[in-house]
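Quick note on numbering: the working numbering labels position 133 of the sequence shown as 142, and the sequence is numbered without any gaps. Using N, Cα and C, we set each Cβ at its ideal position, and we do this for glycine too. No experiment lies behind these values; they were computed from the predicted model shown. Below: the structure, in structure tokens.
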Amino acid sequence: MSKIGSKVKIFSALEVANICGVVNQTAINWIKSGFLKAFTTPGGQYRVYANDLAAFLETRRMKKSGEVLQVLMEKANWNALLIAAEETINHKLKNELGGFLPNFLITQAFDGFDLGLGMARGKPGFLLLDQDLPGVNLSNLLRLLKTDPAFGRPVVYFIGDSPKITEDFPDSENLIDRIFCKPVDSKEIYLSITSKES
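Below you can see the structure in the form of structure tokens.
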């Protein structure tokens, strides 16, 4: 089954109130005062997108409900690939994979900051990660990506040296979906991505 095109989850004001443990009027007051982003149905009812609810809960330092987390987990963009690698490899892969995947949004990260920003903003369904990317604690990053639903639990492809990866990450089979050794064959990556889509 394709992961692409998952349905957008929307909550009513009452559902928001139940998730937050407040009465319905409190949720409506949050919306009216502009604290919680919402839209109105033709019938005048308030509706809140899951991402907006999650952002509200985050700014208020409130715990996200299981339902909101589940929605966020499903919100990865399965038509997006983030390439996080050293500059020369990064540009080469972007050009080659762009030819294979013309309908994909392919973005680039050249260091840990770019990577964090790209994951948070774009929630790409696929991450191609170079073990030599500067400014990244790979062990922490991989665990976060695979356990925190807010990142969409992307498919993580690793570029590196297979024995070293196994040594550095004993639980790599749970954290890394596939390892590609350098020099990387972009056609192999393309085939792997298209097999994961369906």
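What does DSSP give as the partner residue(s) for residue i in the beta ladder?
i   : result
L91 : T116 and L136
Y58 : I19
T97 : Note: T97 sits in no beta bridge, so no partner.
N86 : P133
T49 : Y55
Can you give me the start and stop residues for the beta strand (DSSP E) that residue i sits inside?
i    : result
G169 : V164 to G169
R187 : R187 to C190
Rounded to a whole number of angstroms, what is the C-alpha to C-alpha distance between residue i and residue j?
i    : j    : result
F119 : T49  : 41 Å
K41  : G161 : 30 Å
E197 : L137 : 12 Å
P192 : K103 : 15 Å
H100 : G107 : 10 Å
D186 : E96  : 23 Å
N149 : D170 : 19 Å
F113 : S195 : 14 Å
L147 : Q140 : 7 Å
A93  : L124 : 6 Å
V164 : F189 : 13 Å
R56  : V32  : 16 Å
A47  : A89  : 26 Å
F122 : R70  : 23 Å
L151 : I115 : 20 Å
R34  : F135 : According to the sequence provided, residue 34 is Gln. The question's Arg does not apply to it. C-alpha separation (whole angstroms): 41 Å.
N27  : G131 : 29 Å
Q117 : L66  : 29 Å
L3   : P111 : Any question about residue 3 goes unanswered here, given that the chain covers just 10 to 207.
A59  : L23  : 14 Å
K155 : F20  : 26 Å
F109 : V145 : 28 Å
On the criterion of 16 or more Cβ atoms from any shown chain inside 10 Å, does residue i qualify as buried, or is it exposed?
i    : result
A63  : buried
C29  : buried
F167 : buried
N86  : buried
P133 : buried
G127 : buried
T203 : exposed
A129 : exposed
F44  : exposed
L200 : exposed
What are the boundary residues of the alpha helix (DSSP H) that residue i is part of?
i    : result
R70  : Premise fails: R70 is in no alpha helix (DSSP H) and is neither H nor E.
S148 : L147 to T156
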